[in-house]
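Mapping of the sequence shown onto the UniProt record's numbering: residues 1 to 209, in sequence order. The beta carbon of each residue, even a glycine, is placed where N, CA and C say it ideally should be. Please read these numbers as outputs of a predicted model, since none were measured by experiment.
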Amino acid sequence: MRINHAILLRKVSLRHYSNINRSVASGPTTKSASLKGNVTIMPSFRRRPLTLPFDPVTTRSWADIDIPLDVEQTLVNNGYARPSAVQRSMFALLRSGLSMLVRSPPGAGKSFAALLYSLLTKRSLDNSVGHLILVPNLDLGLQYANWASQILKDSPYETTVLYQWLARQNEQEDARQIQRLQENPHPLLLIATPTRLLDIIESHPDLAR
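Rendered as C-alpha cells:
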C-alpha cells in the first residue's frame, strides 16, 4: 500500500505541553518554520524549501484553508465554527505534501484534521486505498467513523466507497466488514485497528493487494 503522507498524532497533558521547535530541511542547511500549533515537520529524503499554500497564522475560517463551501457549511452546522491553530498548521503542511509529527493536548483537533484532509483529498488513479488511519482501539475508531458520517451525510456517493472502518467486534460485524471490503476494496479512507487489519491481511490476502 502506498502512503503519500505520514501523520503521527500524539496526545500530551497540559502539564507537559510546550511548543516544539519547527524545522524544515532546505538544501544543506536547516531553516526554522514559524507555525502556530504544536506541529513538527518530519525529516524527508527530498530536501526542499518550505512553501505553504496559505499562512496558518493569519487564516481564521474553513474557507481560508480551501475547504469546499458545502463541507464548510456541514462543519459549521455540526458545531465546528472555525479551524483551530493546530488544524490550520496541519492543513498548510499536508497541502504542501509534507509528513509531520503533531503533538498537542486532547481536544486540539488534530485527529479531526487528519480525517477531514483524508476525505477531501483526491484519490490516485491506481487501484489502492486512498488513505489509511490506524487507531489504537475500537472507541477511537467509532469516533472517526461518526465524524466521517457527519462530514459525508450529504454526499451523493455510496458511503463504503468513501470510507470504511475495521475493528474486532463480534462475529456478525466482522463478517459485515469483510463483505463491505469485498464489495468496495479500495475506499478513499480506511480506518482500522492494527490487530483487525492484520487479521484481514492474513485471512483474506486477496483484499490486501
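For this session: Round the Cβ separation of Leu166 and Thr193 to the nearest angstrom and send it over; I've been treating them as touching at under 8 Å.
Result: Your numbering for residue 166 matches position 166 in the sequence shown. Your numbering for residue 193 matches position 193 in the sequence shown. Going by Cβ atoms, the distance from Leu166 to Thr193 rounds to 7 Å, so yes, they are a contact pair.
Problem set entry | Inter-residue Cα distance where the pair is Tyr157 and Pro187 | The residue you call residue 157 lines up with position 157 of the sequence shown. The residue you call residue 187 lines up with position 187 of the sequence shown. Their Cα atoms are separated by approximately 11 Å.
For this session: Return the chain-ordered list of same chain residues with a C-beta closer than 7 Å to the C-beta of Leu116, the five sequence neighbours on each side being excluded.
Result: For this step, residue 116 is matched to residue 116 along the sequence shown. So the qualifying residues of the chain are Ile151.
Problem set entry | Per DSSP, cross-strand counterpart(s) of Gln164 | To locate residue 164, count along the sequence shown from 1; it is residue 164. Answer is Leu190, bridged to Gln164.
Exercise. What is the rounded straight-line gap between the Cα of Asn170 and the Cα of Leu119?
Worked result: The sequence position of residue 170 within the sequence shown is 170, counting from 1. The sequence position of residue 119 within the sequence shown is 119, counting from 1. In a straight line, the C-alpha of Asn170 is about 27 Å away from that of Leu119.
Problem set entry | Supposed close pair Ala148, Leu189 - CB separation, criterion 8 Å | For the purposes of this step, residue 148 is taken as residue 148 along the sequence shown, with counting starting at 1. For the purposes of this step, residue 189 is taken as residue 189 along the sequence shown, with counting starting at 1. Indeed, because the Cβ distance is near 7 Å, the residues count as touching under 8 Å.
For this session: List the endpoints of the continuous alpha helix (DSSP H) containing Ile178.
Result: Taking the first residue of the sequence shown as position 1, residue 178 is located at position 178. That run of the alpha helix (DSSP H) goes Glu171 to Glu183.
Problem set entry | Inter-stretch contact (C-beta, 8 Å, three-pair minimum) for the region 61-72 and the region 88-98 | yes
Problem set entry | Beta carbon of Leu168 nearer than 8 Å to that of Asp174 | Along the sequence shown, one-based indexing puts residue 168 at 168. Along the sequence shown, one-based indexing puts residue 174 at 174. Before going further, note that residue 168 is Arg rather than Leu in the sequence given. Taking a C-beta distance under 8 Å as the contact criterion, Arg168 and Asp174 qualify as a contact pair.
For this session: Please report how far the alpha carbon of Pro136 lies from the alpha carbon of Thr58, in whole angstroms.
Result: Position 136 of the sequence shown, counting from 1, holds the residue named residue 136. Position 58 of the sequence shown, counting from 1, holds the residue named residue 58. Between Pro136 and Thr58, the C-alpha separation is close to 34 Å.
Problem set entry | Same chain, Cβ closer than 7 Å to Pro185, five either side skipped, listed in chain order | For the purposes of this step, residue 185 is taken as the residue at position 185 of the sequence shown. In its chain, beyond the 5 residues on either side, Leu207 have a beta carbon closer than 7 Å to the beta carbon of Pro185.
Exercise. Mapping DSSP to helix, strand and coil, what is Leu132?
Worked result: Locating residue 132 in the sequence shown gives position 132, where the first residue counts as 1. Here Leu132 sits in strand by DSSP.
For this session: Can you give me the start and stop residues for the alpha helix (DSSP H) that Lys110 sits inside?
Result: Here residue 110 refers to the residue found at position 110 when the sequence shown is read from its first residue. First-last of the alpha helix (DSSP H) with Lys110: Lys110 to Leu120.
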